[in-house]
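Asks: What follows is a single structure, and I will ask about it in a moment.
There are 2 protein chains.
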Amino acid sequence: MLLKECFVSSFPDEKGWIVDYYGLVSLEDTPPQEHVPASERVLERIGQSILTGELLPGTRLTETDLAQRFGVSRAPLREALLRLEERQLIERVPFSGMRVAPLGPRTIDELYEIREVLEGLACRRAATIITPEQVEELRQLLVRRAEALREVRAADVRQLPTIHDFHKMIAAISGNRALERLLNGEIWNYLRAQYRRFARSKERVEVGLTEHMRIVDALAAGDGDLAELLMRRHVAASRQGLIAARARAEREGQP
Amino acid sequence: MLLKECFVSSFPDEKGWIVDYYGLVSLEDTPPQEHVPASERVLERIGQSILTGELLPGTRLTETDLAQRFGVSRAPLREALLRLEERQLIERVPFSGMRVAPLGPRTIDELYEIREVLEGLACRRAATIITPEQVEELRQLLVRRAEALREVRAADVRQLPTIHDFHKMIAAISGNRALERLLNGEIWNYLRAQYRRFARSKERVEVGLTEHMRIVDALAAGDGDLAELLMRRHVAASRQGLIAARARAEREGQP
DNA sequence: CCTGATCTGATTGTCGACAATTACCGAGGG
DNA sequence: CCCTCGGTAATTGTCGACAATCAGATCAGG
Numbered sequence: 001m002l003l004k005e006c007f008v009s010s011f012p013d014e015k016g017w018i019v020d021y022y023g024l025v026s027l028e029d030t031p032p033q034e035h036v037p038a039s040e041r042v043l044e045r046i047g048q049s050i051l052t053g054e055l056l057p058g059t060r061l062t063e064t065d066l067a068q069r070f071g072v073s074r075a076p077l078r079e080a081l082l083r084l085e086e087r088q089l090i091e092r093v094p095f096s097g098m099r100v101a102p103l104g105p106r107t108i109d110e111l112y113e114i115r116e117v118l119e120g121l122a123c124r125r126a127a128t129i130i131t132p133e134q135v136e137e138l139r140q141l142l143v144r145r146a147e148a149l150r151e152v153r154a155a156d157v158r159q160l161p162t163i164h165d166f167h168k169m170i171a172a173i174s175g176n177r178a179l180e181r182l183l184n185g186e187i188w189n190y191l192r193a194q195y196r197r198f199a200r201s202k203e204r205v206e207v208g209l210t211e212h213m214r215i216v217d218a219l220a221a222g223d224g225d226l227a228e229l230l231m232r233r234h235v236a237a238s239r240q241g242l243i244a245a246r247a248r249a250e251r252e253g254q255p
Numbered sequence: 256m257l258l259k260e261c262f263v264s265s266f267p268d269e270k271g272w273i274v275d276y277y278g279l280v281s282l283e284d285t286p287p288q289e290h291v292p293a294s295e296r297v298l299e300r301i302g303q304s305i306l307t308g309e310l311l312p313g314t315r316l317t318e319t320d321l322a323q324r325f326g327v328s329r330a331p332l333r334e335a336l337l338r339l340e341e342r343q344l345i346e347r348v349p350f351s352g353m354r355v356a357p358l359g360p361r362t363i364d365e366l367y368e369i370r371e372v373l374e375g376l377a378c379r380r381a382a383t384i385i386t387p388e389q390v391e392e393l394r395q396l397l398v399r400r401a402e403a404l405r406e407v408r409a410a411d412v413r414q415l416p417t418i419h420d421f422h423k424m425i426a427a428i429s430g431n432r433a434l435e436r437l438l439n440g441e442i443w444n445y446l447r448a449q450y451r452r453f454a455r456s457k458e459r460v461e462v463g464l465t466e467h468m469r470i471v472d473a474l475a476a477g478d479g480d481l482a483e484l485l486m487r488r489h490v491a492a493s494r495q496g497l498i499a500a501r502a503r504a505e506r507e508g509q510p
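Chains A and B supply the protein sequences, listed in that same order.
Under this note's numbering, the first residue of the first sequence is numbered 1, with each subsequent residue one higher.
Under this note's numbering, the first residue of the second sequence is numbered 256, with each subsequent residue one higher.
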């Protein structure tokens with residue numbers, strides 16, 4: 001969807017900067033919200049823009065400019081950028097400003113490797129303490145997912161929301177709150193967004209769904225080792241898919 | 256050293272706040288430094304204070320007050336606090352201000368569990384790509400450590416710096432930069448500082464040293480599985496030590 | 001004496017302006 | 001023609017003040 005336009009309309013310049021986010025990032029469309037601080041609204045907006053690909057990796061961000069666009073002062077905007085920097089969605093280039101963190105094949109691979117062990121850990125833990133109600137809840141999630149999948153045409157499969165909920169719920173069930181926080185970190189959403197844009201196909205989503213079911217079965221059986229193994233394979237499969245798709249896109253779409 | 260004074264001089268009030276950081280946090284003692292931004296200096300200073308225990312978990316932090324203490328305006332100070340919040344060293348209590356993140360036994364346990372798999376992963380990776388030079392470097396590190404340990408009296412063992420370097424180097428060798436960044440996150444230093452203050456004994460440090468040697472042996476042999484296993488055990492042993500010591504301190508020292 | 005509303009003080013959120021520093025660009029020299 | 005050296009504009013870092021919000025205290029009423 002956005003992918004092609006983005007790649008066509010915004011080229012990195014000779015130094016790797018992408019400058020024309022103009023027109024993508026715009027004023028808040030929810031201006032008269034209740035009392036959420038402006039900094040939070042801006043944070044949310046920019047974060048979303050990065051996740052959805054509105055703001056491409058490599059895009060340069062300047063405080064003054066963004067502040068004007070959002071109609072806020074630089075203080076809250078700065079706060080948002082700082083937070084995003086700490087979350088590794090934005091990176092500071094010394095003496096050059098900030099840019100949306102470039103997420104190249106290597107970083108993607110590294111992140112997936114980490115996610116593999118973390119989600120594996122969550123699964124192993126969850127298996128030992130999951131309740132029947134929680135198992136049922138996970139199953140419901142997958143049923144709804146299957147229904148949504150049946151109704152969607154192959155071309156529209158990218159529109160489907162990610163199955164964020166599933167992983168999120170397992171992290172919560174694991175009972176390790178620090179782990180849950182870590183797995184809810186925005187960097188993983190960034191990764192998921194990349195996956196969705198590049199690598200998602202209807203077949204892969206269907207295969208993924210059965211993988212999810214197997215995982216729930218293992219959890220229900222209280223088999224931590226199996227649950228961990230299956231989850232790790234599941235994550236590894238996504239990794240392979242994304243890496244391959246990225247490499248393909250790299251070859252075809254861009255120099 | 257500081258431990259006792261802290262516990263004696265600053266009690267949590269009825270709401271769990273500790274208010275008297277007064278006298279501990281003070282002006283920068285490195286004022287005429289080169290051109291590092293004030294925000295960075297403040298960040299460094301507060302971060303250190305938290306790690307060393309100068310600022311105890313639960314201590315309330317107010318922007319105005321800290322700004323005056325450091326002789327800077329609220330802007331750079333705010334930046335520092337925001338960063339620390341994103342790094343989970345400080346937490347925001349809605350409508351109540353900020354406080355140094357309380358690191359209770361449960362959180363400690365959770366963090367160790369995560370560190371176990373992450374450091375295990377780093378070891379597994381490192382074993383496959385480590386060079387002889389790097390092996391030698393690690394060995395040197397341990398030799399120096401052993402020397403330092405021999406010269407120190409049991410009572411002073413807490414003064415010994417943590418063996419941060421060792422773990423850091425393995426993370427670097429692993430070649431996974433995202434993992435390296437994650438393992439260099441300040442939260443782990445926080446954990447280490449806690450360990451050092453509560454649980455460190457000369458025996459434990461000695462045992463830890465031999466554990467480290469075994470890990471290097473496994474790395475040198477290119478045995479990723481063994482290296483991972485040994486590292487996980489090593490981390491688990493620290494975990495046990497800290498949990499036990501914390502529980503003991505909890506029982507004796509505080510209500 | 002306890003409960004609830006109002007007021008006050010304290011603290012955070014936001015703003016515009018200024019200072020400091022750096023990158024970019026053009027001029028001059030090799 | 002390329003390289004080096006300032007000057008300039010842009011951008012970030014910092015400040016003090018103001019506005020908005022909330023916690024705690026005070027006081028009236030039950």
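All residues carry an ideal CB built from backbone N, CA and C; glycine is no exception.
Using a Cβ-Cβ cut-off of 9 Å, state whether Ile-114/A counts as contacting chain B.
Replies: Taking Cβ atoms only, chain B reaches closer than 9 Å to Ile-114/A, which makes this a yes.
Asks: Please determine if the stretch 333-340 of chain B and the stretch 293-303 of chain B are in contact, where contact requires at least 3 C-beta pairs separated by less than 8 Å.
Replies: Contact between the stretch 333-340 of chain B and the stretch 293-303 of chain B is present, because at least three Cβ pairs lie under 8 Å.
Asks: Using a Cβ-Cβ distance under 9 Å, would Thr-107/A count as near chain B?
Replies: So yes, Thr-107/A belongs to the interface.
Asks: Just how far apart, CA to CA, sit Val-462/B and Ala-401/B?
Replies: Cα-Cα distance, rounded: 11 Å.
Asks: Is DSSP giving Gly-54/A helix, strand or coil here?
Replies: A quick correction: the sequence has Glu, not Gly, at residue 54/A. Three-state result, Glu-54/A: coil.
Asks: Between Pro-286/B and Ile-498/B, what straight-line distance do the alpha-carbon atoms span, to the nearest angstrom?
Replies: Low per-residue confidence applies at Pro-286/B: pLDDT is 44, beneath 50, and the placement is therefore not dependable enough to give any value.
Asks: Put Arg-522/B into one of helix, strand or coil per three-state DSSP.
Replies: This structure gives no information on residue 522/B, because the portion of chain B shown stretches from 256 to 510.
Asks: Checking contacts by CB at 9 Å: is Glu-40/A closer than that to chain B?
Replies: No, Glu-40/A lies away from the interface with chain B (no Cβ there is under 9 Å from its Cβ).
Asks: When DSSP builds the beta bridges, which residues end up paired with Thr-62/A?
Replies: None, per the DSSP bridge assignment.
Asks: Which partner residues does Arg-408/B have in the DSSP bridge list?
Replies: According to DSSP, Arg-408/B bridges with nothing at all.
Asks: What residues from chain B crowd round Glu-186/A, counting only those whose CB sits closer than 9 Å?
Replies: Within 9 Å Cβ-Cβ: nothing; Glu-186/A doesn't reach chain B, min ~10 Å.
Asks: Please work out which residues of its chain come closer than 8 Å, Cβ to Cβ, to Pro-416/B, disregarding the five sequence neighbours upstream and downstream, and give them in chain order.
Replies: Contacts found: none.
Asks: With 9 Å set as the bound, which would you pick, yes or no: does the beta-carbon of Val-407/B sit closer than that to a beta-carbon of chain A?
Replies: Not one chain A Cβ lies under 9 Å of Val-407/B.
Asks: Determine the DSSP secondary structure at Arg-99/A, reduced to helix, strand or coil.
Replies: Arg-99/A falls in the strand class under three-state DSSP.
Asks: Pick out whichever of Arg-204/A, Thr-52/A, Glu-137/A and Glu-119/A has its Cα sitting closest to the Cα of Leu-226/A.
Replies: The shortest C-alpha separation from Leu-226/A is found at Glu-119/A.
Asks: Report the three-state DSSP secondary structure of Arg-87/A (helix, strand or coil).
Replies: Arg-87/A falls in the coil class under three-state DSSP.
Asks: Beta carbons nearer than 7 Å to chain A: which residues of the stretch 416-447 of chain B have them?
Replies: Listed by position, the residues of the stretch 416-447 of chain B near chain A (Cβ gap below 7 Å) are Asn-431, Arg-432, Ala-433, Leu-434 and Leu-437.
Asks: In three-state terms, what does DSSP make of Ile-291/B?
Replies: Note on identity: in this sequence residue 291/B is Val, with Ile being the wrong assignment. DSSP places Val-291/B in coil when its eight states are reduced to three.
Asks: Below 8 Å CB to CB, which residues in the same chain sit around Thr-383/B once its five sequence neighbours on both sides are set aside?
Replies: Excluding sequence neighbours, Thr-383/B sits near Gly-477 and Gly-479.
Asks: Report buried or exposed for Ser-238/A, applying the criterion of at least 16 other Cβ atoms within 10 angstroms of its Cβ.
Replies: Buried.
Asks: Can you give the Cα-Cα distance for Pro-102/A and Ile-385/B, rounded to whole angstroms?
Replies: If I take the Cα positions, the gap works out to 27 Å.
Asks: Can you give me, in chain order, the residues of the stretch 115-127 of chain A that have a beta carbon less than 9 Å from any beta carbon in chain B?
Replies: Flagged, chain order: Glu-116, Val-117, Leu-118, Gly-120, Leu-121 and Arg-125.
Asks: DSSP three-state label for Val-462/B, please.
Replies: Of the three classes helix, strand and coil, the one that applies to Val-462/B here is helix, per DSSP.
Asks: Only counting the same chain, and skipping five residues up and downstream in sequence, which positions put a Cβ closer than 8 Å to that of Gln-303/B?
Replies: Counting only Cβ-Cβ distances below 8 Å, and skipping sequence neighbours, we find Glu-309.
Asks: Using a beta-carbon distance below 9 Å, is Leu-242/A in contact with chain B?
Replies: By this cut-off, Leu-242/A is not an interface position.
Asks: How would you label Val-355/B, buried or exposed, when you count the other beta carbons within 10 angstroms and need 16 or more for buried?
Replies: Flag for Val-355/B reads buried.
Asks: If you draw a straight line from the alpha carbon of Glu-113/A to that of Ala-236/A, how long is it in whole angstroms?
Replies: Approximately 8 Å, taken between the alpha carbons.
Asks: Which residues, in chain order, does the stretch 79-100 of chain A contribute to contact with chain B at a C-beta distance below 7 Å?
Replies: Listed in sequence order: Glu-79, Leu-82, Arg-83, Glu-86 and Arg-87.
Asks: At what residues does the alpha helix (DSSP H) containing Val-117/A begin and finish?
Replies: Segment 105-129, the alpha helix (DSSP H) holding Val-117/A.
Asks: So Glu-365/B contacts chain A; which residues on that side make the cut at Cβ distance below 7 Å?
Replies: Within chain A, the residues near Glu-365/B are Asn-176, Arg-177, Ala-178 and Leu-179.
Asks: Given Glu-180/A, which residues of its chain have a CB within under 6 Å of its CB, disregarding the five upstream and five downstream residues?
Replies: Ala-171 and Ala-172.
Asks: Once the 5 residues before and after Phe-198/A are set aside, which same chain residues still bring their CB inside 7 Å of it?
Replies: Hits under 7 Å: Leu-242, Ala-245, Arg-246 and Ala-249.
Asks: Residues bridged to Arg-177/A by DSSP?
Replies: DSSP, once it has assigned bridges, lists no residue as partnering Arg-177/A.
Asks: Excluding sequence positions up to five away, which residues of its chain have a Cβ less than 7 Å from the Cβ of Met-213/A?
Replies: Excluding residues within five positions, the ones whose Cβ falls inside 7 Å are Leu-142.
Asks: Once the 5 residues before and after Arg-379/B are set aside, which same chain residues still bring their CB inside 6 Å of it?
Replies: Closer than 6 Å at the Cβ level, and outside the excluded window around Arg-379/B, lie Gly-479 and Glu-483.
Asks: Taking 9 Å as the threshold (C-beta atoms), are Gly-430/B and Ala-473/B in contact?
Replies: No, Cβ-Cβ distance for Ala-473/B and Gly-430/B is not below 9 Å.
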